[in-house]
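Structure first, commentary second.
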Amino acid sequence: MSMFTSFDHQMMSHALQLAQRGRFTTAPNPNVGCVITRGAQIVGEGWHKKAGEPHAEVHAIRQAGELTRGATAYVTLEPCSHYGRTPPCAVGLIKAGVAKVICAMQDPNPQVAGRGVQMLREAGIEVQVGLLEADARALNRGFLKRMQTGMPYVQLKMAASLDGQTALANGQSQWITSVAARKDVQSFRAQASAILSTSQTVLSDNASLAVRWHDLPQSIQTQYSPADLRQPVRIILDRQHQLYPELALYQTPSPVLRVASENADLCVAADHGQLDLRELLTQLAQQHQINQVWVEAGSQLAKSLIEQKLVDEIILYLAPKLMGSDGRGLFGALGLTQMAESIELKIEDCRMVGSDLRIIATPTSKD
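Residue numbers (the numbering used here): 140 to 506.
Below is the structure:
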């Protein structure tokens with residue numbers, strides 16, 4: 140029998156909905172929501188908006204005021220116990236006098252790692268952990284992966300015709316997908332900490348790889364101003380130093396980091412002319428606090444990431460068009476000789492976006 144009531148589930152679901160509001164703004168911090176109740180009434184709620192600003196618990200405590208004393212707090216992530224850019228939330232909950240705290244999950248951050256729960260319990264507060272944990276983990280998958288593995292969560296975006304072609308033989312690719320699909324891409328970009336591409340992709344389309352606020356869904360535009368939205372860092376593989384300042388890439392305020400084996404913003408080892416992608420992703424996570432990487436590039440980078448098992452999720456847009464076998468395919472040659480060697484995927488979501496089909500899939504392990 141579950142220790143959690145139906146009311147507990149309702150309140151944590153609401154806290155998770157609040158936490159989702161931060162998915163465009165909080166990185167490198169996790170998305171967190173908090174609801175404070177007295178009896179069957181919500182007396183305070185909040186969510187974490189940006190790093191350095193008050194955490195979700197602080198907003199909820201401020202709203203609840205004196206009603207916090209003796210109340211129950213529902214938090215989507217274990218309250219922090221360390222002093223960073225803001226004071227620890229566990230201390231705030233103790234001082235506010237809450238009687239009970241229910242957390243969706245324990246914080247994977249080694250600076251916390253259960254110490255927030257311990258601090259609350261030592262203060263005489265009842266603590267329960269694990270309510271809707273799977274939902275909470277999904278909400279912060281980039282933060283969790285960075286904390287647990289030292290690597291970011293990598294999403295590979297691809298777009299193709301129904302017969303799997305990404306461009307004509309002459310390289311023309313604008314536009315395979317519909318306006319609706321391209322706007323959908325903006326929502327994914329806006330949630331990423333960084334966008335990874337190549338100088339070849341940038342030069343072929345003079346791509347800015349920026350989030351276009353006016354192309355975001357109306358629901359997002361209503362909630363966030365252009366100034367509120369975080370523009371992802373653009374990470375460009377530029378082994379031959381081909382980028383130049385006049386490109387659209389450099390006409391937006393978000394930073395651009397060039398990657399090469401030498402004389403670049405990020406230097407990684409190269410083997411037979413190929414940059415070490417694992418080393419790059421490790422640098423992004425550990426030195427630049429990048430939680431989530433959105434990849435928009437051609438078939439060769441896609442192939443390399445897939446072959447090296449560096450992709451966590453594939454987002455594929457299929458347009459109702461046929462382009463023929465003389466077009467350019469989704470991936471470079473994988474060199475497979477047996478069907479057993481094929482890369483298997485699990486379909487996580489499949490839906491229409493405008494006139495296109497969007498498939499979200501994750502690689503499955505054969506180990």
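Glycine residues also receive a C-beta, built at the ideal position from the N, C-alpha and C atoms.
Contacting residues, own chain, Cβ-Cβ under 7 Å from residue i (five flanking each side not counted)
i: Gly231; result: Glu196, Val197, Ile200
i: Gly437; result: Thr337, Gln339, Thr340
Pair within 9 Å by beta-carbon distance, residue i and residue j
i: Ala210; j: Trp186; result: no
i: Asp415; j: Ala409; result: yes
i: Asp323; j: Gly493; result: yes
i: Leu512; j: Leu440; result: The requested residue 512 does not occur in the structure, where the chain is confined to residues 140 to 506.
i: Gln339; j: Leu469; result: no
i: Leu283; j: Val432; result: no
i: Leu405; j: Leu419; result: yes
i: Thr207; j: Val237; result: yes
i: Ala458; j: Ile315; result: yes
i: Trp352; j: Gln360; result: yes
i: Gln428; j: Arg285; result: yes
i: Met142; j: Thr176; result: no
i: Asp488; j: Ala320; result: no
i: Val266; j: Ile233; result: no
Neighbourhood of residue i by C-beta, 8 Å cutoff - its chain only, sequence neighbours within 5 removed
i: Met244; result: Thr215, Leu216, Glu217, Val268, Gly269, Glu272, Ala275, Arg276
i: Asn402; result: His380
i: Gly412; result: Arg378
i: Pro356; result: Lys322, Ser326
i: Leu155; result: Gly172, Thr215, Ala243, Leu271, Asp274, Ala275, Leu278
Closest residue to residue i among the options (Cα-Cα distance)
i: Glu192; options: Pro459, Leu473, Ser364, Asn168; result: Asn168
i: Ala212; options: Ala472, His148, Pro291, Leu449; result: His148
i: Ser504; options: Leu484, Ala472, Arg497, Ala190; result: Leu484
i: Gly183; options: Thr164, Glu205, Glu385, Ala190; result: Glu205
i: Pro394; options: Gln413, Glu418, Val350, Ala408; result: Val350
i: Asn279; options: His411, Asn248, Leu259; result: Asn248
i: Leu386; options: Asn345, Thr421, Cys406; result: Asn345
i: Arg299; options: Arg467, Tyr389, Glu265; result: The sequence as given places Ala at residue 299; Arg does not occur at that position. The candidate whose alpha carbon is nearest that of Ala299 is Arg467.
i: Leu444; options: His427, Ile482, Asn430, Ser317; result: Ile482
i: Gln250; options: Ala479, Lys239, Ile233, Tyr222; result: Tyr222
i: Val372; options: Ala252, Asp246, Arg208, Thr391; result: Thr391
i: Leu111; options: Lys442, Arg160, Glu418, Gly161; result: Any property of residue 111 remains undetermined from this structure, which presents the chain solely from 140 to 506.
i: Val450; options: Ser343, Ile233, Gly263, Pro502; result: Pro502
i: Tyr456; options: Val318, Glu261, Ala154; result: Val318
i: Leu475; options: Glu446, Ser358, Asp465; result: Glu446
i: Arg328; options: Leu342, Val293, Thr288; result: Val293
i: Ala252; options: Asp488, Gln287, Lys239, Leu348; result: Gln287
i: Arg160; options: Ala306, Ser358, Glu435; result: Ser358
i: Thr225; options: Gln180, His194, Lys239, Ala203; result: His194
Paired residues, beta bridge with residue i - DSSP
i: Ile486; result: Ala500
i: Leu335; result: Ile374, Val434
i: Tyr292; result: Gln431
i: Tyr456; result: Ala298, Arg497
i: Gln180; result: Arg177
i: Thr211; result: Thr176, Lys239
i: Arg397; result: Ile375
i: Val492; result: Asp495
i: Arg467; result: Ala306
i: Asp410; result: Gln413
i: Gly281; result: Gly281 pairs with nothing; no bridge assigned.
i: Gly191; result: For Gly191, which the question treats as bridged, DSSP gives no partner whatsoever.
i: Gly185; result: Cys173
Spatial neighbours of residue i in its chain, beta-carbon cut-off 6 Å, leaving aside the 5 residues before and after
i: Ile453; result: Leu295, Ala500
i: Thr144; result: none
i: Arg369; result: Thr164
i: Ala229; result: Pro218, Ser220, Gly255, Met258, Leu259
i: Ala166; result: Ser332, Asn430
i: Ala235; result: Ile200, Thr207
- Message: Extract the residue ranges of the alpha helix (DSSP H) inside the stretch 214 to 277, only unbroken runs of 4 or more that lie entirely within it.
- Response: 228 to 235, 254 to 261
- Query: Fully enclosed by the stretch 342 to 385, which alpha helix (DSSP H) runs are 4 residues long or longer?
  - Reply: Taking only runs of at least 4 residues, the alpha helix (DSSP H) segments lying wholly in the stretch 342 to 385 are 357 to 362.
- Contiguous beta strand (DSSP E) assignments of at least 3 residues, all confined to the stretch 296 to 326: 304 to 306
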